[in-house]
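Visitor: Residue numbers (the numbering used here), protein chains in the order written: chain A, 686 to 986; chain B, 124 to 565.
We put the CB at the ideal spot given by N, CA and C, even for glycine.
Given the structure is predicted, the values throughout are model-derived calculations rather than measurements.
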Amino acid sequence: MAVSAPPGGRMRGLLGRDPIGYAFVAPYAIFLVALFGYPLALSVYISFFDYFFAAPGAQVARPFVGLSNYAEILGDPVFQRAILNVAQFILINVPLTVVLSLVLAAALNAKLPFRVFFRTSYYIPYVTASVAVIGVWLWFFSRGGLLNDVLGPLAPDPSWLVSEVWAMPIIALVVTWKQLGFYVLLYLAALQNIPRELYEAAEVDGAGPVRRFMAITVPGVRPATTLVVILATIIGANLFTEPYLLTGGGGPNGASMSPVLLMYREGIEQGHAGYAAAMGVILAFAVMTISAVNRFILERD
Amino acid sequence: MSRASVRFASIASVLILVLTACGDGDGGDGGDGDGGGGSPTTDAAASATGPIDIWYSNNPEEVAWGEAVVEAWNAENPDEEVTASEIPAGESSEEVIGASITAGNTPCLIFNTAPAAVPQFQEAGGLVALDDFADGASYIQERTGDRAEQYKFTDGLFYQMPWKTNPVMIFYNKEIFRTAGLDPENPPLSTYDEFLSTAETLVAEGGVEAAIWPSPDAQFFQPWFDFYPLFAAQSGGQQMVEDGEPQFNNEAGLAVASFWRSLYDQGLTPNEAYNGDSFADEQAAMAIVGPWAIAVYGEAVDWGAVPVPTQDGMDASEVHTFSDEKSAAMYTACENRGTAWEFLKFATNEENDGQLLELTGQMPMRADVVASFPDYFEANPEYEAFADQASRTVEVPIVPNSIEMWQTFRTAYSESVIFGTTPVEEAFNTAADEIRTLVGGS
């Protein structure tokens, strides 16, 4: 389409054909800049200093240290462990989330009795405070808890939450359960966009339910899958509450330490804001890279 | 990118730059200052009088005390009115205070300052040295006695006034001791051997999951309720670090660690956290607590209290313990510091200290609590054992990087004592080397 030069001169050139549009996007743009853009820029800035928070006007030394925070973090065994932990978490959590939420959404999309009841039930954990549901999971997974009672002699020793092997997978399971309702909802919305005729045609051609699911549903909700994978990765990378509460501060022996819990410990508790900010920047870049790769893989034809 | 999004991006980046530049105004000028401390206006501020704000803790007993003290002060000093409120809710008081220091809106006084957080608040330029007042140091030393020394920062100044302590002891459930066939009036808990064999009997015969169940969690403050009280006792009153030198890996520290290791190893103390209050739920026969426990468990449990154990046993009158102390501190956002200081002295005079004891059961940081308030202890004899301990409390060392020091120790303790994956001595020595550097201020 050919666009002729705008007649309104320079101002018009800068603001485009419908300058009023900026007024409509301004509130959100300002919100985004003030609450995300500014803190992000500030944390990049802070990460180059031996920074800590101080009273206004206090004379404190916060020397520029260049990349040394980054160098120190990359060599910090606790951080390396946290990254491996969260990688393990994502490897369990993300595929499980995609499979379970898609299957559940497909089931809930069918004309089940009590469909609304089930939909609500899956959504409830998502809107319940983590702190409250973690109490329940503690009873379930603790040494004398329900699960070990059922397992009897098969219960692992050391028990789930104090086992260096099991702590992280358990957290991944709990988080999957907690977030599932939200992803089911995303898939339910995506399922509405698949034309019924496709299923009918496939049925006429003799495709069974599994074949129909694999050949129509799965490709039909692919954009939603991209979104689910990216969101689950981002939320997983920000893991904090579960290792803080379920395994007593990233225990046992740091086996469930997460990068964000470490940032809290370093930046808020110990006052090393520069160090924690650098960790945040590394984490943000890692998540962006993973998301870009995911998107590339999932969206290519 | 389309032209529209290029335009949007450029406008957004201009906004970001503008906002960051604003932030720079007060954030970026700290390039090479020489550490917190006195501004030129210190003397003027120290004598300024007028209305002040204070915060106190949010438990009902301390609120009642705070309200009474403020009311009494305001009646006498209408020109120097004190406005008091509870410390705002947050993850922890230390985080709220830290954020408030950064924002520059701290009140004049906070009657809930944790000694371990004082170095960080001081480094942030948030605290007023009470030595700025002519009678500052002498008032503290007179009221608290020898133990006042433990509250000086490494620069020799008092950035806090030791206010009240909850000296910790072993609290035990007499009913469970009876069930296990142990003498509830003279329980064998004085030496490590006695304690271990009592613990074994309790778990075998007493119907409890654990003999004693301190939190095995990894947070920095957890050692205050397992390792540190016993270390204070075993070492005869040593602090974690003295004159920059870590002490916890000495003979006393290793004895304490091996004692706890035995409890974990034999399953008498679980290495998994209890989901709730193990003592109240009668899942543990003992707990390490301060005198606040009397009000909390007093009605429901038939309890007794003994000093923490030592390797070969010690007379109760010689046993030291962890203070679990809270200080009152003055914050630099305070303008009318003259009034704040007078109020601080008023709130910690003998009458108001007595009131605190009466209302909360917590021990004022006075040289001799029992002798200062004989009537109270006659009426409440169950508090006397705690009061006697209150004269032999050991504080956390007030040193740079104090929180990181405790975290480093906790990590070493977790792996060696709680989970037993590394030998204790090796883990403690490695932690000691790191801590030596940390508290040296680098």
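Write down every uninterrupted run of the alpha helix (DSSP H) in the segment 234–288 of chain B whose length is 4 residues or greater and which is fully enclosed by it, in chain order.
Guide: 241–246 and 259–267
Visitor: My guess is that proline 937 of chain A and alanine 852 of chain A are in contact by the Cβ rule of under 8 Å, so how many angstroms apart are they, rounded?
Guide: Here residue 937 of chain A corresponds to residue number 252 of the first sequence, with the count starting at 1. Here residue 852 of chain A corresponds to residue number 167 of the first sequence, with the count starting at 1. The pair is a contact, with the Cβ atoms about 6 Å apart (cut-off 8 Å).
Visitor: Please state whether DSSP places serine 162 of chain B in a helix, a strand or coil.
Guide: Against the second sequence, residue 162 of chain B aligns to sequence position 39. Reliability of the predicted coordinates at serine 162 of chain B is poor, the pLDDT of 45 falling under 50, and the value obtained from them is presented with this limitation in mind. Correct three-state label for serine 162 of chain B: coil.
Visitor: From B/Asp556, B/Ala396, B/Ala428 and B/Ala327, pick the residue whose C-alpha is nearest to that of isoleucine 541 of chain B; which is it?
Guide: Here residue 541 of chain B corresponds to residue number 418 of the second sequence, with the count starting at 1. Isoleucine 541 of chain B has its Cα closest to that of B/Ala396, out of B/Asp556, B/Ala396, B/Ala428 and B/Ala327.
Visitor: Between leucine 752 of chain A and tyrosine 736 of chain A, what straight-line distance do the alpha-carbon atoms span, to the nearest angstrom?
Guide: Within the first sequence, numbered from 1, the residue matching residue 752 of chain A stands at position 67. Within the first sequence, numbered from 1, the residue matching residue 736 of chain A stands at position 51. Each residue's alpha carbon lies about 13 Å from the other.
Visitor: For glycine 153 of chain B, decide whether its Cβ has a neighbour in chain A, counting only Cβ atoms nearer than 8 Å.
Guide: Against the second sequence, residue 153 of chain B aligns to sequence position 30. Note that glycine 153 of chain B has pLDDT 35, beneath the 50 cutoff, so the model's placement of it is unreliable and no number is given.
Visitor: Give the residues from the segment 247–265 of chain B that approach chain A closer than 8 Å (Cβ to any Cβ), ordered along the chain.
Guide: Ala247, Gly248 and Gly249
Visitor: Using C-beta distances below 6 Å, list every residue in its chain close to alanine 355 of chain B, excluding the 5 sequence neighbours before and after it, in chain order.
Guide: Here residue 355 of chain B refers to the residue found at position 232 when the second sequence is read from its first residue. Excluding the 5 residues flanking it on each side, alanine 355 of chain B has same chain C-beta neighbours closer than 6 Å at His443, Thr444, Phe445 and Val517, in chain order.
Visitor: Kindly list, in the order they appear in chain B, the residues whose Cβ is closer than 7 Å to that of arginine 828 of chain A.
Guide: Your numbering for residue 828 of chain A matches position 143 in the first sequence. Chain B residues near arginine 828 of chain A: Pro393 and Glu395.
Visitor: Taking only beta carbons into account, state which residues of the segment 321–353 of chain B come closer than 9 Å to chain A, listed in chain order.
Guide: Glu332, Ser338, Pro339, Asp340, Ala341, Gln342, Phe343 and Gln345
Visitor: Using a Cβ-based criterion (distance less than 7 Å to any ligand heavy atom), does isoleucine 558 of chain B qualify as near the ligand FAD?
Guide: Although the ligand FAD was asked about, the structure shown includes no ligands whatsoever.
Visitor: Evaluate alanine 494 of chain B with the Cβ neighbour count: other Cβ atoms within 10 Å of its Cβ, from every protein chain shown; 16 or more gives buried, anything less gives exposed.
Guide: Along the second sequence, read from residue 1 onward, the residue named residue 494 of chain B stands at position 371. Its Cβ having fewer than 16 others within 10 Å, alanine 494 of chain B is exposed.
Visitor: How long is the line joining the alpha carbons of asparagine 778 of chain A and proline 242 of chain B, rounded to whole angstroms?
Guide: As a first step, residue 778 of chain A must be located in the first sequence, where it is residue number 93. As a first step, residue 242 of chain B must be located in the second sequence, where it is residue number 119. Between asparagine 778 of chain A and proline 242 of chain B, the C-alpha separation is close to 41 Å.
Visitor: Please list, in chain order, all residues of the same chain as alanine 969 of chain A whose beta carbon is under 8 Å from its beta carbon, the five residues on each side excluded.
Guide: Here the question's residue 969 of chain A lines up with position 284 in the first sequence. Closer than 8 Å at the Cβ level, and outside the excluded window around alanine 969 of chain A, lie Leu725.
Visitor: Can you tell me the Cα-Cα spacing of glutamine 955 of chain A and asparagine 524 of chain B, whole angstroms?
Guide: Within the first sequence, the letter at position 270 stands for residue 955 of chain A. Within the second sequence, the letter at position 401 stands for residue 524 of chain B. Spanning the two alpha carbons is a distance of roughly 7 Å.
Visitor: Could you give the DSSP three-state label for serine 450 of chain B: helix, strand or coil?
Guide: Your numbering for residue 450 of chain B matches position 327 in the second sequence. If DSSP states are grouped into helix, strand and coil, serine 450 of chain B belongs with the strands.
Visitor: Please report the distance separating the alpha-carbon of isoleucine 263 of chain B from that of valine 859 of chain A.
Guide: Within the second sequence, residue 263 of chain B is the residue found at index 140, counting from 1. Within the first sequence, residue 859 of chain A is the residue found at index 174, counting from 1. Their Cα atoms are separated by approximately 51 Å.
Visitor: On the criterion of 16 or more Cβ atoms from any shown chain inside 10 Å, does phenylalanine 802 of chain A qualify as buried, or is it exposed?
Guide: Position 117 of the first sequence, counting from 1, holds the residue named residue 802 of chain A. That one is exposed.
Visitor: Can a CB atom of chain B be found closer than 8 Å to the CB of valine 847 of chain A?
Guide: Along the first sequence, one-based indexing puts residue 847 of chain A at 162. It does; some Cβ of chain B falls within 8 Å.
Visitor: Answer yes or no: do threonine 910 of chain A and leucine 983 of chain A have a C-beta to C-beta separation smaller than 8 Å?
Guide: Here residue 910 of chain A refers to the residue found at position 225 when the first sequence is read from its first residue. Here residue 983 of chain A refers to the residue found at position 298 when the first sequence is read from its first residue. Against a cut-off of 8 Å, the Cβ pair of leucine 983 of chain A and threonine 910 of chain A comes out as a contact.
Visitor: So, at 8 Å on beta carbons, what are the nonlocal neighbours of glutamate 474 of chain B in its own chain, with the 5 sequence-adjacent residues on each side left out?
Guide: Against the second sequence, residue 474 of chain B aligns to sequence position 351. Around glutamate 474 of chain B: no qualifying Cβ.
Visitor: Classify tryptophan 824 of chain A: buried if its beta carbon has 16 or more other beta carbons within 10 angstroms, exposed otherwise.
Guide: As a first step, residue 824 of chain A is located in the first sequence; it is residue number 139 there, counting from the start. Under the 10 Å beta carbon count, tryptophan 824 of chain A is surrounded by fewer than 16 other beta carbons and is classified as exposed.
Visitor: In angstroms with no decimal places, state the Cα-to-Cα distance between threonine 553 of chain B and threonine 225 of chain B.
Guide: As a working mapping, residue 553 of chain B is identified with position 430 in the second sequence. As a working mapping, residue 225 of chain B is identified with position 102 in the second sequence. Spanning the two alpha carbons is a distance of roughly 34 Å.
Visitor: Do asparagine 770 of chain A and serine 941 of chain A have their CB atoms nearer than 8 Å?
Guide: The sequence position of residue 770 of chain A within the first sequence is 85, counting from 1. The sequence position of residue 941 of chain A within the first sequence is 256, counting from 1. Taking 8 Å as the cut-off, the Cβ atoms of asparagine 770 of chain A and serine 941 of chain A count as close.
Visitor: Indicate whether the contact test is met: 3 or more Cβ pairs, each with one atom in the segment 245–258 of chain B and one in the segment 278–292 of chain B, closer than 8 Å.
Guide: yes
Visitor: Could you give the DSSP three-state label for isoleucine 521 of chain B: helix, strand or coil?
Guide: Within the second sequence, the letter at position 398 stands for residue 521 of chain B. Looking at isoleucine 521 of chain B - three-state DSSP - the assignment turns out to be coil, as it is neither helix nor strand.
Visitor: Taking only the alpha-carbon atoms, compute the straight-line gap between alanine 303 of chain B and leucine 325 of chain B and give it to the nearest angstrom.
Guide: As a first step, residue 303 of chain B must be located in the second sequence, where it is residue number 180. As a first step, residue 325 of chain B must be located in the second sequence, where it is residue number 202. Distance from the CA atom of alanine 303 of chain B to the CA atom of leucine 325 of chain B, rounded to whole angstroms, is 6 Å.
Visitor: Are the C-beta atoms of valine 745 of chain A and some chain B residue less than 8 Å apart?
Guide: The residue labelled residue 745 of chain A in the question sits at position 60 within the first sequence. Yes, contact with chain B.
Visitor: For chain A, find out if any of its Cβ atoms is closer than 8 Å to the Cβ of glycine 227 of chain B; answer yes or no.
Guide: Position 104 of the second sequence holds residue 227 of chain B. Answer yes: the Cβ-Cβ gap between glycine 227 of chain B and chain A drops below 8 Å somewhere.
Visitor: From A/Gly891, A/Val818 and A/Ala746, pick the residue whose C-alpha is nearest to that of glycine 959 of chain A; which is it?
Guide: The sequence position of residue 959 of chain A within the first sequence is 274, counting from 1. When each option's Cα is compared against that of glycine 959 of chain A, the closest is A/Ala746.
Visitor: Where does serine 732 of chain A land, buried or exposed, given buried means 16+ other C-beta within 10 angstroms?
Guide: For the purposes of this step, residue 732 of chain A is identified with residue 47 of the first sequence, where counting begins at 1. Looking at its Cβ environment, which holds 16 or more other Cβ atoms inside 10 Å, serine 732 of chain A is buried.
Visitor: For a contact meaning CB atoms closer than 8 Å, what does serine 844 of chain A contact in chain B?
Guide: Position 159 of the first sequence, counted from the start, is the residue given in the question as residue 844 of chain A. Result: Glu395.
Visitor: According to DSSP, which residues form a beta bridge with alanine 333 of chain B?
Guide: Your numbering for residue 333 of chain B matches position 210 in the second sequence. In the DSSP output, where bridge partners are listed per residue, alanine 333 of chain B has B/Ala407.
Visitor: Taking only three categories from DSSP, how would you classify leucine 931 of chain A?
Guide: In the first sequence, the residue the question calls residue 931 of chain A occupies position 246. Of the three classes helix, strand and coil, the one that applies to leucine 931 of chain A here is coil, per DSSP.
Visitor: Enumerate in chain order the residues of its own chain whose CB-to-CB distance from tryptophan 196 of chain B is below 7 Å, with the five nearest sequence positions on each side excluded.
Guide: For this step, residue 196 of chain B is matched to residue 73 along the second sequence. The beta carbon of tryptophan 196 of chain B lies closer than 7 Å to those of Val205, Phe466 and Phe469 in the same chain, with the five residues before and after it left out.
Visitor: For isoleucine 177 of chain B, which residues does DSSP report across the bridge?
Guide: By one-based count along the second sequence, residue 177 of chain B stands at place 54. For isoleucine 177 of chain B, which the question treats as bridged, DSSP gives the partners B/Ala207 and B/Leu232.
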